[in-house]
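Participant: In full-length UniProt numbering, the protein residues as written are 1 to 784.
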């Protein structure tokens, strides 16, 4: 026995011993529970509890000699010291829990809920109602002229100060309740000062501003003193409200933004040392709302370009630092911080890009994007050097690469917002897999939806407004392709992750995510290519509309566009059929691609035949070229290829007796008989001196004979191949031919045509009948 076999044998024995020991521990625990229950019952009944038990637990003996043998257990008789039962049922460091105490948990839960409602929720609702009541009282007093302006403002200040005084008196005993009173007092002072300045003009602008700033500083100080974040948030809202409420419409937005920057820096320090995340979030939301509102309403490139780049840039850096360094001392970066970092970057970029575009600095937008990329690269370098946060490192790297790529696109083409969202989704997916944070996967799904909606909006306007875009070279096309490529990149990342032993998401969720994303990407790629083909023909129609022969030219190009769209659709679905057959194992994808093939073939019957008819009519009137007339052969090949791949797919999905396989056979033969009928009529019309009459005659009598011959061929082939489905299709086609002949054609054709049609069909029927009689044994043996 070599050493490896010996180790394996010992490990096997160790595993068996572990299983036995585990089972014994479970049994011991159950015994202790039963004994404890019996003791509790004896205490309730008034009987004397058992004080000692004798330990006769089997002791496992394993000697050095029998290590090579199977383990065995011996009963070792010992006489240990009596152990108090309480030491068995509970550890020394844990107090005994009586049945009465064990039943007190629901009561404590109810009491804690009651305490929350009575001591926390009600007082907040009460202070809100109190402030509203004071406001209604003041309005009532004003409406009834009970109190003059000075009395109203004095009463407001007295009410606010009364609330502050009461909160101070109750602070030591009832800190939370006192904080709520203080919040109400501060709100009262804010609004009283505003009313005194704006409604009654009792305070000058400078004094009102100084009072509100003083109230704000007092509120922040009280928040730190009470250690209550809600007070800090109230003070923060008041700080931003001061310049808004006391604005004199001076238009000095630089002063406003400077003040906001100082407030944000102060908030960052307070939130950092007190660990108040809500203050950061509130400052972030209010700041960007104010900036976006100003930019949308008041921005003019000539006056405000430097302001639109400088101050938003300052806010961008402040909040970037806040959300990066806020949690670093605790080595715990919330995933919501990453959301704010991404949002902060996108808002700043869109404001800066829009400002530069309106100022006609198109190429400078590329350098602007490159600057944002450099900021993220510096943060990523710091994260890597200091080994601070892997999540933030990957996020910063992804954002840096994103905006570097965007700078290249901006330099050569210009911005596509849909492409920005799509690349952002790809970055978040990459960050999610690298940092093992599932939150980013779900965020990337939201961005995929946003990028798609943005792309739809782009398609709705871009191709309509311009008829002179390059074919497959315009930025709208490449924006769409960028969205598709980004989704393909996400699919590749998730596919790679699922191949690992430790995927980020459960496999069923990954399956839903990847299948949905793949289907969406396939539809988008089709839409991108189809719209480009449509745009090309619309451009040619636009050029033709400037010539003399407008109607014929537009009609011809419209028909060519329909056929080319059909050809592209057939080739696209053929590619999907081939990929699903060659590489995909899921039956759902195979069925889906087969259904798409059915759609293409039905579209061929509806779109192609009518368009080809119009092109032939234009050709007969010398308004179309031979190349346009020959376009139908390309459509035949593309649709035929699709049908062939559908047939192979059906062979794999359906059994021989499945209805789906029979329906597919009917569709294939229907396609071929349609092609033959169209070509027969085409040849006759092109060779005839009177194409219209010749086409009508061949449509009535000639196609009936053609269909009968095809039915005969199907029956003969079905007998030869012992295929009942093929024979059934032949008989079905023959029935359709007879109905067509007697219900529609017989009364509309000449006597000679009637004779030819009837004789021809009669002979075909006799031949088919003879074949059934002649090969009856073959058919019957197949049925058996």
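All C-beta atoms, glycine included, are put in the ideal place defined by N, C-alpha and C.
Bear in mind that the values here come from a model prediction, so they are computed numbers and not experimental data.
If you drop the 5 nearest sequence neighbours on each side, which residues of the same chain put their C-beta closer than 6 Å to that of residue 411?
Facilitator: 366
Participant: Assign residue 646 to buried or exposed, taking buried as 16 or more other Cβ atoms, counted over all protein chains shown, within 10 Å of its Cβ.
Facilitator: buried
Participant: Ends of the alpha helix (DSSP H) at residue 651?
Facilitator: From DSSP, the alpha helix (DSSP H) with residue 651 extends over 626 to 653.
Participant: Assuming residue 184 contacts residue 163 under a Cβ cut-off of 8 Å, what Cβ separation, rounded to an integer in Å, is found between them?
Facilitator: 5 Å
Participant: Could you check where the alpha helix (DSSP H) with residue 740 kicks off and where it finishes?
Facilitator: That run of the alpha helix (DSSP H) goes 724 to 740.
Participant: Note down the Cα distance separating residue 522 from residue 351, rounded to an integer number of angstroms.
Facilitator: 33 Å
Participant: Can you tell me which of the three DSSP states residue 584 falls into?
Facilitator: coil
Participant: Please give me, in chain order, every unbroken run of the beta strand (DSSP E) with length at least 3 that falls completely inside the segment 320 to 378.
Facilitator: none
Participant: Just the C-alpha distance for residue 187 and residue 307, rounded to the nearest angstrom, thanks.
Facilitator: 32 Å
Participant: Grouping DSSP H, G and I as helix and E and B as strand, with all else coil, what is residue 682?
Facilitator: helix
Participant: So the alpha helix (DSSP H) residue 270 belongs to, where does it begin and stop?
Facilitator: 253 to 274
Participant: At which residues does the alpha helix (DSSP H) containing residue 526 begin and terminate?
Facilitator: 507 to 544 is the extent of the alpha helix (DSSP H) around residue 526.
Participant: DSSP three-state label for residue 219, please.
Facilitator: helix
Participant: Which whole-angstrom value describes the C-beta separation of residue 418 and residue 479, a residue pair presumed to lie in contact below a C-beta threshold of 8 Å?
Facilitator: 6 Å
Participant: Can you tell me the Cα-Cα spacing of residue 133 and residue 159, whole angstroms?
Facilitator: 12 Å
Participant: Do you know offhand how far residue 662's Cα is from residue 725's?
Facilitator: Taking the straight line joining both Cα atoms gives about 7 Å.
Participant: Can you give the beta carbon distance from residue 433 to residue 504, rounded, assuming they're within the 8 Å contact cut?
Facilitator: 6 Å
Participant: In terms of alpha-carbon separation, which member of 527, 439, 501 and 447 lies closest to residue 481?
Facilitator: 527
Participant: Could you pull the start and end residues of the alpha helix (DSSP H) that residue 485 belongs to?
Facilitator: Residues 475 to 498.
Participant: CB residue 446 to CB residue 421, shorter than 7 Å?
Facilitator: no
Participant: Using the rule of at least 16 other Cβ atoms within 10 Å of the residue's Cβ for burial, across every protein chain shown, is residue 278 buried or exposed?
Facilitator: Residue 278 is exposed by the Cβ-count criterion.
Participant: Please say whether residue 667 and residue 650 have beta carbons closer to each other than 7 Å?
Facilitator: no
Participant: Closest by CA to residue 318, which one among 293, 406 and 267?
Facilitator: 267
Participant: Would you call the segment 725 to 734 and the segment 680 to 687 touching, i.e. three or more CB-CB distances under 8 Å?
Facilitator: Too few Cβ pairs lie closer than 8 Å, so no.
Participant: What's the gap between the Cα of residue 426 and the Cα of residue 368?
Facilitator: 22 Å
Participant: Counting only the same chain and skipping the five closest in sequence on each side, list residues whose C-beta sits under 6 Å from that of residue 196.
Facilitator: 153, 202 and 203
Participant: Could you round the C-beta distance between residue 294 and residue 347 to whole angstroms and report it? I think they count as a contact, below 8 Å.
Facilitator: Not confirmed; about 13 Å, so no contact.
Participant: Classify residue 147 as helix, strand or coil using the three-state DSSP reduction.
Facilitator: coil
Participant: Within 10 Å of its beta-carbon, does residue 192 have 16 or more other beta-carbons around it, so buried, or fewer, so exposed?
Facilitator: buried
Participant: Let's see if you can read the secondary structure: which residues bound the alpha helix (DSSP H) around residue 389?
Facilitator: Element bounds for residue 389: n/a, residue is neither H nor E.
Participant: Taking buried to mean at least 16 other C-beta atoms within 10 Å of its own C-beta, is residue 190 buried or exposed?
Facilitator: buried
Participant: Suppose you measure from the CA of residue 511 to the CA of residue 490; what does that come to, to the nearest Å?
Facilitator: Rounded to the nearest angstrom, the two C-alpha atoms are 13 Å apart.
Participant: Please classify residue 37 as buried or exposed, where buried requires at least 16 neighbouring CB atoms within 10 angstroms.
Facilitator: exposed
Participant: Which residue from 454, 592 and 544 puts its Cα closest to that of residue 518?
Facilitator: 592
Participant: Residue 31 to residue 24, Cα distance in whole Å?
Facilitator: Residue 31 and residue 24: Cα-Cα distance of roughly 11 Å.
Participant: Can you tell me the Cβ-Cβ gap for residue 524 and residue 483, rounded? I've got them flagged as a contact below 8 Å.
Facilitator: 6 Å
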